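Here is the structure we will look at.
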Amino acid sequence: MPMPGPSISTILPSAIYDELRASILSQVAAPGTTFTESAVALQFGVSRPTAKMAIERLVSEGLLHREVHQAARVPELSRADIVDLFDTRAVVESAAAAKLASEGTVPREALDAHRRIQAGADGDLAYAPLDIAFHRALVTGQPSTRLVRMHSLIMGEIELCIGQVQANHLRTAAEVSAEHQAILDAVGAADPELAARLTRSHVEASRERLLAHVDASGTADSPSRENHR
Numbered sequence: 022m023p024m025p026g027p028s029i030s031t032i033l034p035s036a037i038y039d040e041l042r043a044s045i046l047s048q049v050a051a052p053g054t055t056f057t058e059s060a061v062a063l064q065f066g067v068s069r070p071t072a073k074m075a076i077e078r079l080v081s082e083g084l085l086h087r088e089v090h091q092a093a094r095v096p097e098l099s100r101a102d103i104v105d106l107f108d109t110r111a112v113v114e115s116a117a118a119a120k121l122a123s124e125g126t127v128p129r130e131a132l133d134a135h136r137r138i139q140a141g142a143d144g145d146l147a148y149a150p151l152d153i154a155f156h157r158a159l160v161t162g163q164p165s166t167r168l169v170r171m172h173s174l175i176m177g178e179i180e181l182c183i184g185q186v187q188a189n190h191l192r193t194a195a196e197v198s199a200e201h202q203a204i205l206d207a208v209g210a211a212d213p214e215l216a217a218r219l220t221r222s223h224v225e226a227s228r229e230r231l232l233a234h235v236d237a238s239g240t241a242d243s244p245s246r247e248n249h250r
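Here the working numbering is used: the first residue of the sequence shown is 22, the next is one more, and so on.
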């Protein structure tokens, strides 16, 4: 007797989540864009509880914020938010790189993500998802579960920032790839101090480009905004 396939209620929230997530990270849904359960349900032709599941998952990851009795909204990060986020990220990720380098261990997932960025560096590669995968792998590949938990708390907002860096063409895939290669070389050479320093420098370079863009435009937001009401 054939096993039953996954139910529609199991499939659809994941598919909706994937599409909404992509729209947020690509800046199609700009900072400040709102998502209501009724609008998402109408857009995808599903029930409100199904739409709610997808929205709640995005809220739990920090890609949407929601106050009590208000619609979920793409976070609008201020300059101070960006500074705080990248400073925190630099501390966590440099510590993770040092731990990896202390054993000379290069996580396979980080290497795979790096190679894919490297392969597309000469073209118009949408590198943000691979950049995120690289940095997540550096943290999850080291032994400290506390560093992993700390990193997971800020990953949603990190993804928003990396999405802004890519959407506004603030860094090229070639630049990112070269800096990732240097980090991997330091980890493979079992040089914790160098691995930590290069990781911090890499994170700070993205921070400075994003802050310069914010200062020049007078806002941390993308210029376009679409409400999903």
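We put the CB at the ideal spot given by N, CA and C, even for glycine. In this text the structure is predicted, and so the values were computed from the model without any measurement.
Asked, Found
"Under 9 Å between C-beta atoms of A122 and L168", "no"
"Three-state secondary structure (DSSP) of T54", "coil"
"Option nearest A217 by Cα separation, candidates V113, A101, P52", "V113"
"Nearest to V67 (by Cα), restricted to the options A36, H90, A210", "A36"
"Buried versus exposed call for Q91 [16 or more other C-beta atoms within 10 Å across all chains shown]", "exposed"
"V186 versus L231: straight-line alpha-carbon distance, rounded", "6 Å"
"Inter-residue Cα distance where the pair is A207 and Q64", "48 Å"
"Backbone CA spacing between L215 and V95 [nearest angstrom]", "36 Å"
"Residue of N189, T193, A154, P164 minimising C-alpha distance to M176", "A154"
"Cβ contact (3+ pairs, closer than 8 Å) linking the segment 92-111 and the segment 128-141", "no"
"Which listed residue (A72, T55, V49) has its alpha carbon closest to that of N189", "V49"
"DSSP-derived helix/strand/coil call for R94", "strand"
"I29 classed as buried or exposed, judged by whether at least 16 other C-beta atoms fall within 10 angstroms", "Note that I29 scores a pLDDT of 46, beneath 50, so its modelled location is shaky and nothing firm can be said."
"According to DSSP, residues forming a beta bridge with H172", "Beta-bridge pairing links H172 to no other residue."
"Integer-rounded CB distance, given that G162 should sit under 8 Å from E200", "Contact doesn't hold; Cβ gap of about 18 Å is too wide."
"Neighbour-count burial assignment, S238, 16 or more Cβ in a 10 Å radius", "exposed"
"Close Cβ partners of T109 (< 7 Å) along its chain, the five nearest in sequence each way excluded", "I175"
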